[in-house]
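What follows is one structure encoded as C-alpha cells, with my remarks underneath.
Numbering (this note's numbering), first residue to last: 11 to 198.
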C-alpha cells in the first residue's frame, strides 16, 4: 500500500525539483571575476575557466578542474595563506553531490515505501537540506579568497547555477520541515 495524500506528494515533488536544481548547480558556473584587460574568470564547484574574449560566444578559453588537478593548473593554484578557503571550496562539490543523492532517496522512499517510512524520508530530506546549505555557504564564503587568480579582481555571484543552488535549499527546507512536522504529529 503506497502512501496517499497531499503530504507525500509535496515532499517527493519538492525533493525531485531540488534534485533538478542541484544538478544545474553542479554543472554551471557560480561566479565570475572580470579583469582589467577585459578577460574574465568563470568559477564553478569543480572548475575555473579563463575566458579570453568575453564578447564572443565561442571565445578561446583555458580551463582547470581544481578537484582533479587537470587542465591549466596555474588557474587552480590556491591563494597564499588560503588553505581554509581552498579546503572549503573543494568540500562544496562532494557536499552538493551528497545533497542531490539524499534528496533523490527521500523522494523515492516517500513515493515507493509501502509503509510511508515518514521518519526515513524526513531524515533524508533533512540531511539533503543540511548538505546543500553547507555546500552553498562554503562556496559563497570561500570562492573569492581560495584561488590565486582571484586575488585582484572582484568576484560576483548571481549566475543561474548559483540561484539554482539557493532555490534547491529552499525546496529542501520545505520538504524537511513538512516531513519532520508530519512525522512528529503522526499525519499520513
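Built from N, CA and C at the ideal position, the CB exists for glycine as well. Nothing here was measured: the structure is a model prediction, and the numbers come from that model.
Three-state secondary structure (DSSP) of residue i
i           : result
residue 43  : strand
residue 17  : helix
residue 81  : strand
residue 154 : helix
residue 88  : strand
residue 11  : Here the model assigns residue 11 a pLDDT of 38, short of 50, so the residue's position is not dependable and the matter cannot be decided.
residue 123 : coil
residue 161 : coil
Inter-residue Cα distance where the pair is residue i and residue j
i           : j           : result
residue 169 : residue 176 : 11 Å
residue 144 : residue 109 : 10 Å
residue 35  : residue 105 : 12 Å
residue 158 : residue 92  : 9 Å
residue 89  : residue 182 : 33 Å
residue 115 : residue 178 : 15 Å
residue 119 : residue 33  : 20 Å
residue 48  : residue 60  : 11 Å
residue 146 : residue 15  : 32 Å
residue 44  : residue 165 : 8 Å
residue 187 : residue 20  : 11 Å
residue 50  : residue 62  : 7 Å
residue 12  : residue 127 : Confidence at residue 12 is low in this model, with a pLDDT of 47, below 50, so the placement of that residue should be treated as unreliable; the coordinate-derived value is given next. Cα to Cα, residue 12 sits roughly 10 Å from residue 127.
residue 199 : residue 17  : Summary: the structure shown does not reach residue 199, with the chain confined to residues 11 through 198, and so no result is reported for it.
residue 84  : residue 113 : 35 Å
residue 70  : residue 82  : 13 Å
residue 78  : residue 174 : 24 Å
residue 133 : residue 172 : 25 Å
residue 154 : residue 55  : 12 Å
Bridge-paired residues (DSSP) for residue i
i           : result
residue 167 : 41
residue 50  : 44 and 61
residue 74  : 58 and 81
7 Å Cβ cutoff, residue i in contact with chain C
i          : result
residue 35 : This model lacks chain C altogether, as it is built from one protein chain only.
Of the listed residues the options, nearest to residue i (C-alpha basis)
i           : options              : result
residue 103 : 25, 122 and 53       : 53
residue 162 : 23, 42, 31 and 20    : 42
residue 180 : 123, 99 and 28       : 28
residue 80  : 57, 98 and 190       : 57
residue 130 : 97, 117 and 141      : 117
residue 95  : 82, 150 and 107      : 150
residue 148 : 123, 97, 164 and 138 : 97
residue 152 : 127, 40, 30 and 31   : 40
residue 136 : 23, 75 and 190       : 190
residue 99  : 76, 172 and 111      : 76
residue 107 : 31, 185, 24 and 160  : 31
residue 22  : 160, 138 and 101     : 138
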